[in-house]
Amino acid sequence: MTAKLAQLDFYGTGLVVPGSVSLILALQWGGSVFAWNDRKIIALLVLSVTLFVGFILVQTFLPKTATIPPRIFKQRSILAGFLSTICAIQGVSAVESGIRFLPLVLSMVVAMLTAGALIRRIGYYTPVMIFGLCLMAIGAGLMYTLQVDTGSPQWIGYQIIYGIGAGSATQVPNIAAQTVLPKPDVPVGVSLMYFGNFMGSAILLSVAQNILNSQLLYRLSAIPSINPETVLNNGVTSLTDLPTSIRMTVLVAYNEAIRHVFLVALILVCMSMLGALSLEWRSTKEAHGQEKVHTKTAA
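Read left to right, the sequence shown gives residues 39 to 337 (my numbering).
This is the structure in structure tokens:
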């Protein structure tokens, strides 16, 4: 038991967890609860950067117990896939805020199953990743054009386009980790991809919520006879209690705020394309073939 405990990365975990929490709180509170130049926000940002730097140093100088051994990042596909998982947010928070998202979820599920079968068929994951991110960018761009009076065919179709792209690209980083890494490092590589996914989602969800609240406060404050804080606290359900004369104006303000969130999603998807283009063109069939050879040799 003592030997197993000695293999745990207590120092790294003790740094990355509070660092992540500090960063998420700073991004969620900055500009909405506190001003960006407030001492609390600055302190949280400085603390998060310091803890993340400490985590990197611990992983570098204590590789035997490192949660993420530095050798993992020597594989180009691992670094590229990790960056893609952080940047390529699914945009669900914005969809939940503004429109029904069932078409998005269903199209994602179908696309994930189809993409998995396609990768097994052709043996290459990189083109599937690039295709998925291209569709995500198109879908996010189309959703940025949504207006209050946009019809159902448009917003359903836009979600399906985005969902097919997101479903196609979601599993590729995990497949890349299983393909390019030696077998002993595969669990670490896959865990790193999931960490990037969850960490990116948590951080960008806070950013999206911050942008939504900030835009709403800015736009609602220009509307007379309405308390922006009341609308923010009660949510979109409170709009039914507003006078008819200003209800449409408030809806337009909500729509414009949500469109800014879609714009952030579009920018981040385009950024994640850099990671996708950096993925190695490695065949999954070759990796499985090499694994079988090593198994026979060992036998």
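Glycine included, every Cβ here is placed at the ideal spot set by N, Cα and C. Predicted model only: the values in this text are computed from it and were never measured.
Distance between residue j and residue i (C-alpha atoms, nearest Å)
i           : j           : result
residue 262 : residue 281 : 12 Å
residue 141 : residue 177 : 12 Å
residue 186 : residue 99  : 55 Å
residue 297 : residue 181 : 7 Å
residue 208 : residue 235 : 9 Å
residue 321 : residue 161 : 5 Å
residue 195 : residue 139 : 11 Å
residue 222 : residue 215 : 12 Å
residue 260 : residue 68  : 21 Å
residue 257 : residue 291 : 6 Å
residue 78  : residue 65  : 12 Å
residue 265 : residue 72  : 19 Å
residue 149 : residue 311 : 19 Å
residue 93  : residue 233 : 14 Å
residue 52  : residue 95  : 13 Å
residue 197 : residue 102 : 45 Å
residue 218 : residue 97  : 21 Å
residue 188 : residue 295 : 16 Å
residue 56  : residue 293 : 35 Å
residue 248 : residue 91  : 25 Å
residue 318 : residue 164 : 7 Å
residue 147 : residue 242 : 22 Å
residue 315 : residue 238 : 19 Å
Simplified DSSP assignment, three categories, for residue i
i           : result
residue 239 : helix
residue 162 : strand
residue 259 : coil
residue 318 : coil
residue 266 : helix
Short Cβ contact (8 Å threshold) for residue i with residue j
i           : j           : result
residue 153 : residue 205 : yes
residue 10  : residue 240 : One cannot answer for residue 10 here, as it falls past the ends of the chain, which runs 39 to 337.
residue 85  : residue 60  : yes
residue 170 : residue 203 : yes
residue 212 : residue 228 : yes
Residue interval of the alpha helix (DSSP H) (run including residue i)
i           : result
residue 139 : Where residue 139 is concerned, there is no enclosing alpha helix (DSSP H), given that its DSSP letter is neither H nor E.
residue 206 : 190-208
residue 58  : 48-67
residue 98  : 77-99
residue 314 : 282-315
heavy atom of the ligand MG below 7 Å from residue i C-beta
i          : result
residue 80 : With respect to small molecules bound, the structure shown includes none, and the ligand MG cannot be examined in it.
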